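Input: a single structure, listed below in structure tokens.
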């Protein structure tokens, strides 16, 4: 992670449940004790493959993906900057593809989230779509600074848009991090609103942090349609994509909340402005795949 191999003794497996067990789960207890709920097979593999094809066909148009299908092999180059003009407009059009939205905002996940909240739920329209090429990872962070307004019951729904084995850089969470009061106090003190907002990602190397706090980094070999629901107070990031066949790791995350709660207007509507007001242009996904990701 972040260019360094993580020792096996620091890694652990996420607690997992099959979506068929939904009616048997105590959601409040799972979130209180673990900070997350890992559900297998929430979205049908067929729907995920269709969404991958839709996304990668768009990236093929700008020279970043070898073939316009679900394979997702990175070419190592990009013509996005000179081809599409406005990178934000392009990324919004990719992120709002109807087939992709059927996965991220469709009936399958809607039913799960209604059950999770035990009431009608609603999603943010703003979608974080993450195509990670080999060598990429996301630093550890809490989501709260980016979603400090509106409902205080917001959760993140992370979806594996394809097979993401550990070596391809899946989601990783820090076990017990919902009880790291020092880091939580710092995160909850920030309402991230512009690029001038102080850095909120944790720059300490994840293995050093885990050893210092006597905990583990939890992850899994994710399959298409697997979903992680986690709170704003769970420290998480992603492992490095170490694919030796140039496979792009594709995932999405969307915020969900009870429909009865107030909604942060930055993330709703036909043209959501996003965290900083720049719309989809502010996302790492809007950059050509050859460009490094920024930190926040």
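Residue numbers (the numbering used here): 182 to 477.
Even for Gly, the Cβ is constructed at its ideal location relative to N, Cα and C.
Bear in mind that the values here come from a model prediction, so they are computed numbers and not experimental data.
Nearest-angstrom Cα separation, counted from residue j out to residue i
i           : j           : result
residue 402 : residue 418 : 15 Å
residue 282 : residue 276 : 8 Å
residue 383 : residue 467 : 23 Å
residue 302 : residue 286 : 11 Å
residue 300 : residue 342 : 27 Å
residue 391 : residue 416 : 11 Å
residue 475 : residue 408 : 25 Å
residue 279 : residue 262 : 24 Å
residue 290 : residue 424 : 29 Å
residue 298 : residue 211 : 13 Å
residue 455 : residue 317 : 23 Å
residue 219 : residue 437 : 15 Å
residue 151 : residue 182 : Within the shown structure, residues of the chain are numbered from 182 to 477, placing residue 151 beyond reach of any answer.
residue 441 : residue 397 : 36 Å
residue 366 : residue 250 : 44 Å
residue 201 : residue 214 : 21 Å
Inter-residue CB distance, residue i and residue j (contact presumed, cutoff 8 Å)
i           : j           : result
residue 195 : residue 399 : 5 Å
residue 234 : residue 247 : With a Cβ gap of about 13 Å, residue 234 and residue 247 do not count as contacting.
residue 330 : residue 445 : 4 Å
residue 272 : residue 464 : 6 Å
Residue nearest to residue i in terms of C-alpha spacing, selected from the options
i           : options               : result
residue 259 : 339, 271, 243 and 459 : 243
residue 319 : 311, 325 and 217      : 311
residue 448 : 308, 441, 245 and 372 : 308
residue 337 : 435, 442 and 459      : 435
residue 355 : 450, 387, 326 and 456 : 387
residue 404 : 206, 365 and 347      : 347
residue 494 : 471, 380 and 375      : No information on residue 494 is available, as it lies outside the stretch 182 to 477 that the chain covers here.
residue 231 : 223, 368, 439 and 252 : 252
residue 344 : 213, 203, 199 and 221 : 221
residue 204 : 250, 296 and 240      : 296
residue 371 : 322, 215 and 397      : 322
residue 270 : 470, 462 and 469      : 462
residue 228 : 328, 288 and 217      : 288
Residue i burial status per 10 Å Cβ neighbour count (16 or more: buried)
i           : result
residue 412 : buried
residue 452 : exposed
residue 226 : exposed
residue 305 : buried
residue 443 : exposed
residue 433 : buried
residue 186 : exposed
residue 473 : exposed
residue 184 : exposed
residue 240 : buried
residue 450 : exposed
residue 274 : exposed
For residue i: DSSP bridge partner residues
i           : result
residue 495 : This structure cannot settle anything about residue 495, because the visible part of the chain is limited to 182 through 477.
residue 312 : 431
residue 418 : 353
residue 221 : 199
residue 409 : 219 and 339
residue 403 : 345
Chain C within 9 Å of residue i, Cβ atoms only
i           : result
residue 385 : Absent here is chain C; the protein component of the structure consists of one chain.
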